[in-house]
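**Student:** At position 18 of the sequence shown (counting the first as 1) the number is 18 in full-length UniProt numbering, and the numbers step up by one without a gap.
All C-beta atoms in this analysis are idealised placements derived from N, C-alpha and C, irrespective of residue type, glycine included.
Okay, handing you the structure first.
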Amino acid sequence: MVESLPWTTTAPTWRMVEMQTQWGSCSPEGAILLNPHLIKAPICAIDYVLLHELCHLVEHNHSPRFYGLLDRFMPDWRSVKERLDGQADSILTRI
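Written as structure tokens, this is what we have:
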């Protein structure tokens, strides 16, 4: 995915961190954290979370420009997010 985004030339720094209420985050310095429970989610949901955090490398907020990036690179992100949100309790508690 990183290769297909025009604003990324190399993979960002990332690591796995167990979080209670987030699937991922992106620091102002561009370091991405991903929740290890995400591996239990559908592939499209993993792609959505990765894209969401990668979009924060360009837009460090949830502005219309941020959502425009999501729309451009994953037009169905809203339905994917809704599905992930609906499965969150199950994913976070399943071993």
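Decide if Ala-45 is buried, meaning its Cβ has at least 16 other Cβ atoms within 10 Å, or exposed.
**Tutor:** Position 45 of the sequence shown, counted from the start, is the residue given in the question as residue 45. Counting Cβ neighbours within 10 Å, Ala-45 comes out buried, since at least 16 surround it.
**Student:** If Trp-7 and Val-58 are in contact, beta carbons under 8 Å, what's the gap, nearest whole angstrom?
**Tutor:** The sequence position of residue 7 within the sequence shown is 7, counting from 1. The sequence position of residue 58 within the sequence shown is 58, counting from 1. Yes, they are in contact, since the Cβ atoms of Trp-7 and Val-58 sit about 5 Å apart, within 8 Å.
**Student:** Report the rounded CA-to-CA distance for Ser-4 versus Pro-12, giving the unit in angstroms.
**Tutor:** As a working mapping, residue 4 is identified with position 4 in the sequence shown. As a working mapping, residue 12 is identified with position 12 in the sequence shown. Their backbone Cα atoms lie some 14 Å apart in a straight line.
**Student:** Of all the options His-52, Pro-64, Ile-91, Lys-81, which has the alpha carbon lying nearest to the alpha carbon of Phe-73?
**Tutor:** Against the sequence shown, residue 73 aligns to sequence position 73. Considering only alpha carbons, the answer is His-52.
**Student:** Under the three-state reduction of DSSP, which class applies to Ser-90: helix, strand or coil?
**Tutor:** One-based indexing of the sequence shown puts residue 90 at position 90. Helix at Ser-90.
**Student:** Between the Cα of residue 100 and the Cα atoms of Thr-10, Leu-69, Tyr-48, which residue gives the shortest distance?
**Tutor:** The chain is shown from 1 up to 95; residue 100 falls before or after that span and cannot be answered.
**Student:** Counting only the same chain and skipping the five closest in sequence on each side, list residues whose C-beta sits under 8 Å from that of Ile-39.
**Tutor:** Within the sequence shown, residue 39 is the residue found at index 39, counting from 1. Cβ neighbours of Ile-39 beyond the five flanking positions: Ile-46.
**Student:** For Leu-50 and Arg-94, what's the separation of their Cα atoms in angstroms?
**Tutor:** Position 50 of the sequence shown, counted from the start, is the residue given in the question as residue 50. Position 94 of the sequence shown, counted from the start, is the residue given in the question as residue 94. Near 21 Å, if we compare the C-alpha coordinates of Arg-94 and Leu-50.
**Student:** Let me make sure I understand the geometry here. Which of Thr-9, Gly-30, Asp-85 has the alpha-carbon closest to that of Arg-15?
**Tutor:** Here residue 15 refers to the residue found at position 15 when the sequence shown is read from its first residue. Nearest option by C-alpha distance: Gly-30.
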